[in-house]
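Visitor: One structure, pasted below without further comment.
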Amino acid sequence: MGIGTSVLLKMNAEKALLQLGVEATVEATDIETARAATDASILLTTPDLVDRLQGLNGQVISIEQLFDLGEITEKLAVALQA
Amino acid sequence: MATTLGQAFGSGSIQVKADVAHWRAALRLGGDLLVNSGCTLPGYTEQMIQAVEELGPYIVIAPGLALAHARPSELVLKTGLSLVTLRQPVEFGNTQNDPVSLVFALSAVDHDSHIDLLQLFAGLASDQKNVNSLLTGDSIEAIRLALG
């Protein structure tokens, strides 16, 4: 909850953004903090938690494999084009 | 701060080929090992279980591998990790990554000081060769060797 899963996801999201040549700030947060982060343009999470992030301004991306840099890069690329 | 991942696993923090019937029992064991190794007080274990009950099996972060944790609190005495390897895998209800044979538990004193540790952990968890060594390791020595 802001210290485990999300930190790992943040690390790999930063690598993916670097590959995509996109400058962005990535924060690792728990669900409550993410729900309050109204300025986030993209929210990355795992499939179990997607439902808890509905109704926010940002796009929600569900990452099935936290350590699959290919999946994260691909999904971020699509989201960034939207 | 630990410079190798193995240093984060204190004395008494690893149990090999444990027999558990359910994911809760696996987390309880992982929590006990954090208590044994001086990282947490027993209430932290219940918080780890509660987090899964409330939020779901999001702690199953890779095929066969879970990383349990709760928030930093007064129940955390120091930052550390424990590992339970299971003789028979258990289901957490995670469609992508069940069943789970490697249950790590993490305690963190705050939101920042364990980040280097998680970098090392990410390296381990994303390397299938290391993960296989953890799965097949049948002694604490073998597990420590694989942890690095």
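Which chain is which? The protein sequence lines are A and B, in order.
Be aware that the first sequence starts at 0, since it is given in numbering that gives the first Met the number 0, and climbs by one per residue.
Be aware that the second sequence starts at 0, since it is given in numbering that gives the first Met the number 0, and climbs by one per residue.
Idealized CB from N, CA, C, for every residue including glycine.
1) Using 8 Å as the cut-off, can you tell me whether the segment 11 to 23 of chain B makes contact with the segment 27 to 36 of chain A, which would need three or more C-beta pairs spanning the two stretches below that distance?
2) Using three-state DSSP, classify residue 0 of chain A as helix, strand or coil.
3) For residue 0 of chain A, is the classification buried or exposed, using 16 other Cβ atoms within 10 angstroms of its Cβ as the cut-off for buried?
4) Using a Cβ-Cβ cut-off of 6 Å (strictly less than) and excluding sequence neighbours within five positions of residue 92 of chain B, which residues of its own chain qualify?
5) Rank A/44, A/50, A/36, A/40 by C-alpha distance to the C-alpha of residue 10 of chain A and give the top, closest one.
6) Which residues does DSSP list as the beta-bridge partners of residue 60 of chain A?
7) If you draw a straight line from the alpha carbon of residue 28 of chain A to that of residue 7 of chain A, how long is it in whole angstroms?
8) Would you verify that the beta carbon of residue 13 of chain A is, or is not, closer than 8 Å to some beta carbon of chain B?
9) With burial defined as no fewer than 16 other Cβ atoms inside 10 Å of the residue's Cβ, what is the status of residue 81 of chain B: buried or exposed?
10) Counting contacts by CB-CB distance shorter than 8 Å, is residue 48 of chain B in contact with chain A?
11) Does residue 56 of chain B get closer than 8 Å to chain A when you measure Cβ to Cβ?
12) Tell me the rounded alpha-carbon separation between residue 148 of chain B and residue 43 of chain B.
13) Do the segment 10 to 27 of chain A and the segment 61 to 81 of chain A make contact, defined as three or more Cβ pairs closer than 8 Å?
14) Strictly under 8 Å for the Cβ-Cβ distance: is residue 65 of chain A near chain B by that measure?
15) Assuming contact is defined by CB atoms lying nearer than 8 Å, are residue 3 of chain A and residue 76 of chain B in contact in what I supplied?
16) If we ignore side chains and look at the alpha-carbon of each, how far apart do residue 74 of chain B and residue 52 of chain A end up?
17) Contact between the segment 95 to 103 of chain B and the segment 17 to 32 of chain B: three or more CB pairs below 8 Å?
18) Any beta-carbon of chain A closer than 8 Å to the one on residue 141 of chain B?
19) Residues of the segment 112 to 124 of chain B in Cβ contact with chain A at a cutoff of 9 Å, in chain order, please.
20) Where does residue 77 of chain B sit, in a helix, a strand or coil, going by DSSP?
Guide: So, to answer that:
1) Judged by pairs of C-beta atoms under 8 Å, the segment 11 to 23 of chain B does not touch the segment 27 to 36 of chain A, as fewer than three such pairs exist.
2) Low confidence applies here, because residue 0 of chain A scores a pLDDT of 44, under 50, leaving its location unreliable; read the following figure in that light. DSSP places residue 0 of chain A in coil when its eight states are reduced to three.
3) For residue 0 of chain A, the pLDDT reaches just 44, beneath the cut-off of 50, and the residue's location in the model is therefore unreliable, leaving the point undetermined.
4) Correct list, in chain order: 56.
5) Checking every option, the nearest Cα to that of residue 10 of chain A belongs to A/44.
6) Its beta-bridge partners are A/43.
7) Straight-line Cα distance between these residues: approximately 11 Å.
8) No - not a single Cβ of chain B is within 8 Å of the one on residue 13 of chain A.
9) The residue in question, residue 81 of chain B, is buried, as its Cβ has 16 or more Cβ neighbours within 10 Å.
10) By this cut-off, residue 48 of chain B is not an interface position.
11) Residue 56 of chain B counts as touching chain A.
12) A query on residue 148 of chain B cannot be resolved here, the shown segment of chain B reaching from 0 to 147 and no further.
13) A contact exists between the segment 10 to 27 of chain A and the segment 61 to 81 of chain A.
14) At least one beta carbon of chain B lies nearer than 8 Å to the beta carbon of residue 65 of chain A.
15) If you check the CB distance, residue 3 of chain A and residue 76 of chain B do not come in under 8 Å.
16) CA-CA distance, residue 74 of chain B to residue 52 of chain A, rounds to 29 Å.
17) Between the segment 95 to 103 of chain B and the segment 17 to 32 of chain B, the count of C-beta pairs closer than 8 Å reaches three or more; the two stretches touch.
18) Residue contact with chain A for residue 141 of chain B: absent (no Cβ-Cβ distance below 8 Å to any residue of chain A).
19) Of all residues in the segment 112 to 124 of chain B, only 113, 114, 117, 118, 120, 121, 124 place a beta-carbon less than 9 Å from a beta-carbon of chain A.
20) Secondary structure at residue 77 of chain B: coil, using DSSP grouped into helix, strand and coil.
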